[in-house]
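Protein chains in written order, with the numbering used here: chain A, 4 to 181; chain B, 3 to 366.
For each residue, glycine too, the CB sits at the ideal point set by N, CA and C.
None of these values were measured; they are calculated from a predicted model.
These notes concern the structure reproduced below.
Shown next as structure tokens:
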């Protein structure tokens with residue numbers, strides 16, 4: 004009788020442990036999937052930002068030098084794929100160079116407030132998307148660091164988890180959000 | 003956009019989180035969104051029509067105070083029904099770590115979840131323990147918002163990641179345009195807002211400091227619920243007539259009380275993560291004097307927007323208060339700087355930032 008009870012207990016424990024592992028693996032898998040989606044969302048937001056920057060450069064509102072600086076930085080940011088962070092940081096500093104003195108922002112607001120609103124909003128959305136992506140990466144990394152994940156190779160073939168880090172500080176003159 | 007807001011605490015109890023949610027709901031509705039707020043409340047309670055009552059709340063000690071929260075199978079099924087009927091694009095949960103509706107909604111929601119963290123308590127072991135337990139749940143959040151730098155640090159310490167800071171909002175003009183009430187004013191007037199019997203609000207400190215400043219022309223306005231008789235007894239006989247207890251007044255009267263004050267004093271001893279009432283006083287044009295809690299120092303931008311004293315130190319409070327009352331140029335300098343800064347907290351800005359968060363997660 005005792006051997007039957009012990010066998011039953013062992014089977015029950017093993018089942019519970021197994022479902023705990025499988026639950027953890029599902030959790031990790033979900034996180035990996037969401038990190039992918041978040042990464043795509045960051046890239047999409049970046050394309051929006053450089054797109055509006057190009058439109059503003061072409062709108063004939065800014066002076067020629069400002070327009071060239073913006074167009075150059077935006078075009079470079081759109082051209083690179085690997086190591087896009089450096090190019091996007093450059094675009095952020097180009098935007099600040101043009102819009103940080105209230106002059107550029109003020110002139111653009113007078114000429115084409117709608118276009119400026121679009122750029123403002125997309126600058127802030129870039130920051131949000133990047134932060135939300137990195138939040139997910141932090142959660143996934145934390146889970147990957149657990150003993151059960153490491154010992155039982157629950158990570159599978161998923162690649163490395165990198166945060167996205169670049170300078171996304173919007174010009175001071177750009178309304179809410181900092 | 004269809005937005006579902008989840009409030010962890012009873013709406014009939016005043017509090018920073020509840021007010022924030024009510025204002026946010028109204029502001030989002032004004033902007034053309036469809037909003038439903040799920041909150042602990044009885045069906046029979048008188049509620050704004052955007053609120054769905056989840057049932058009776060139970061008082062539970064949480065984060066060092068007693069919160070009126072909801073959990074259990076009935077709450078659970080109400081949450082699920084609200085989610086199913088709402089067809090929300092985004093669900094915005096406040097204080098998701100609180101043992102209440104937010105946590106239940108987090109478990110049941112299948113749309114993107116935005117969460118706002120109001121609590122700040124970086125050194126709390128309890129919060130660390132809770133964070134470990136809640137981690138699988140908190141992983142489901144798509145976007146995390148902290149209401150202050152201080153709350154953000156707490157969050158990073160316990161969970162990690164890069165939450166965004168979006169402060170609590172207020173309608174600045176409701177305070178800026180509030181009319182002073184001459185009958186509440188003395189030669190000079192001090193104001194206090196907070197529950198009289200909550201030691202963390204620090205009224206006793208202010209009363210002791212006030213009694214030690216012997217100035218017959220000075221008035222003290224005390225706004226907030228609690229046992230007025232007990233509070234009055236703490237004062238020496240000769241100054242009792244100078245202190246005016248207004249009780250728990252409505253928002254309009256509170257704004258007028260703040261507008262009547264030369265100095266607003268926040269003698270809180272702890273438990274504050276943001277200090278919206280400081281911003282309200284700043285908007286009403288009062289010079290602010292607050293204890294040097296980290297959350298308050300952040301709101302006051304160290305000492306640029308208001309003066310501080312050493313927390314729990316009655317003598318220091320009395321000294322700084324006297325100095326501030328005697329130095330009119332300093333008061334003006336502080337309130338002038340503050341009146342610019344408060345626009346940062348106006349709903350016109352704060353709601354735009356929150357909308358952008360919604361747009362970002364819906365896009366995922």
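Does the beta-carbon of residue i have 16 or more other beta-carbons within 10 angstroms, so that it is buried, or is it exposed?
{"i": "residue 180 of chain A", "result": "Low per-residue confidence applies at residue 180 of chain A: pLDDT is 47, beneath 50, and the placement is therefore not dependable enough to give any value."}
{"i": "residue 18 of chain A", "result": "exposed"}
{"i": "residue 284 of chain B", "result": "buried"}
{"i": "residue 156 of chain A", "result": "exposed"}
{"i": "residue 127 of chain A", "result": "buried"}
{"i": "residue 41 of chain B", "result": "buried"}
{"i": "residue 38 of chain B", "result": "buried"}
{"i": "residue 252 of chain B", "result": "exposed"}
Could you check where the beta strand (DSSP E) with residue i kicks off and where it finishes?
{"i": "residue 220 of chain B", "result": "220-225"}
{"i": "residue 102 of chain A", "result": "No beta strand (DSSP E) holds residue 102 of chain A; the alpha helix (DSSP H) holding it covers 87-102."}
{"i": "residue 40 of chain B", "result": "36-41"}
{"i": "residue 96 of chain B", "result": "92-96"}
{"i": "residue 190 of chain B", "result": "190-195"}
{"i": "residue 6 of chain B", "result": "4-8"}
{"i": "residue 117 of chain B", "result": "115-119"}
{"i": "residue 83 of chain A", "result": "Segment: none, residue 83 of chain A is in no beta strand (DSSP E) and carries neither H nor E."}
{"i": "residue 53 of chain B", "result": "53-55"}
{"i": "residue 268 of chain B", "result": "265-268"}
Report yes if the CB atom of residue i is closer than 8 Å to the CB atom of residue j, and no otherwise.
{"i": "residue 147 of chain B", "j": "residue 191 of chain B", "result": "no"}
{"i": "residue 309 of chain B", "j": "residue 263 of chain B", "result": "no"}
{"i": "residue 311 of chain B", "j": "residue 319 of chain B", "result": "yes"}
{"i": "residue 64 of chain A", "j": "residue 114 of chain A", "result": "yes"}
{"i": "residue 149 of chain B", "j": "residue 276 of chain B", "result": "yes"}
{"i": "residue 198 of chain B", "j": "residue 226 of chain B", "result": "yes"}
{"i": "residue 53 of chain A", "j": "residue 30 of chain A", "result": "no"}
{"i": "residue 177 of chain A", "j": "residue 123 of chain A", "result": "yes"}
{"i": "residue 91 of chain B", "j": "residue 3 of chain B", "result": "yes"}
Under the three-state reduction of DSSP, which class applies to residue i: helix, strand or coil?
{"i": "residue 293 of chain B", "result": "strand"}
{"i": "residue 61 of chain B", "result": "strand"}
{"i": "residue 108 of chain A", "result": "helix"}
{"i": "residue 172 of chain A", "result": "coil"}
{"i": "residue 241 of chain B", "result": "helix"}
{"i": "residue 180 of chain A", "result": "In this predicted model, residue 180 of chain A has a pLDDT of only 47, less than 50, meaning its place in the structure is not dependable; the value taken from the coordinates is given anyway. Coil, per DSSP."}
{"i": "residue 310 of chain B", "result": "strand"}
{"i": "residue 358 of chain B", "result": "helix"}
{"i": "residue 146 of chain B", "result": "strand"}
{"i": "residue 172 of chain B", "result": "strand"}
{"i": "residue 276 of chain B", "result": "coil"}
{"i": "residue 283 of chain B", "result": "helix"}
{"i": "residue 164 of chain A", "result": "coil"}
{"i": "residue 133 of chain B", "result": "helix"}
{"i": "residue 348 of chain B", "result": "strand"}
Would you give the residue range spanned by the alpha helix (DSSP H) that residue i belongs to?
{"i": "residue 159 of chain B", "result": "151-160"}
{"i": "residue 73 of chain B", "result": "Element bounds for residue 73 of chain B: n/a, residue is neither H nor E."}
{"i": "residue 152 of chain A", "result": "150-154"}
{"i": "residue 233 of chain B", "result": "230-235"}
{"i": "residue 14 of chain A", "result": "5-61"}
{"i": "residue 214 of chain B", "result": "205-214"}
{"i": "residue 335 of chain B", "result": "330-343"}
Could you check if residue i belongs to the surroundings of the ligand GTP, using beta carbon to heavy atom distance under 7 Å?
{"i": "residue 82 of chain B", "result": "In the structure on display, the ligand GTP does not appear, and there are no ligands present to speak of."}
Taking only beta carbons into account, state which residues of the segment 140-174 of chain A come closer than 9 Å to chain B, listed in chain order. Listed by position along the chain: 140, 141, 142, 143, 144, 145, 146, 166.
Selection of the segment 19-30 of chain A by Cβ proximity to chain B, strictly under 8 Å: Hits within the stretch, in order: 30.
Closer than 7 Å between beta carbons: that is the criterion. Which residues of the segment 130-162 of chain B meet it against chain A? Identification of residues in the segment 130-162 of chain B having a C-beta nearer than 7 Å to some C-beta of chain A yields 138, 141, 144, 145, 146, 162, given in sequence order.
With 8 Å as the C-beta to C-beta threshold (strictly closer), list the residues of the segment 350-364 of chain B near chain A in chain order. Listed by position, the residues of the segment 350-364 of chain B near chain A (Cβ gap below 8 Å) are 351, 352, 354, 355, 358, 359, 361, 362, 363.
Using a Cβ cut-off of 7 Å, which residues of the segment 109-128 of chain A contact any Cβ in chain B, in chain order? Look at the segment 109-128 of chain A: the residues with a C-beta under 7 Å from a C-beta of chain B are 124, 127, 128.
Closer than 9 Å, Cβ to Cβ, to anything on chain A: give me those residues from the segment 165-188 of chain B, in chain order. Listed in chain order, the positions of the segment 165-188 of chain B with a beta carbon within less than 9 Å of a beta carbon of chain A are 165, 166, 167, 168.
Between the segment 195-210 of chain B and chain A, which residues of the former have a C-beta closer than 9 Å to a C-beta of the latter? Answer in chain order: no residues at all.
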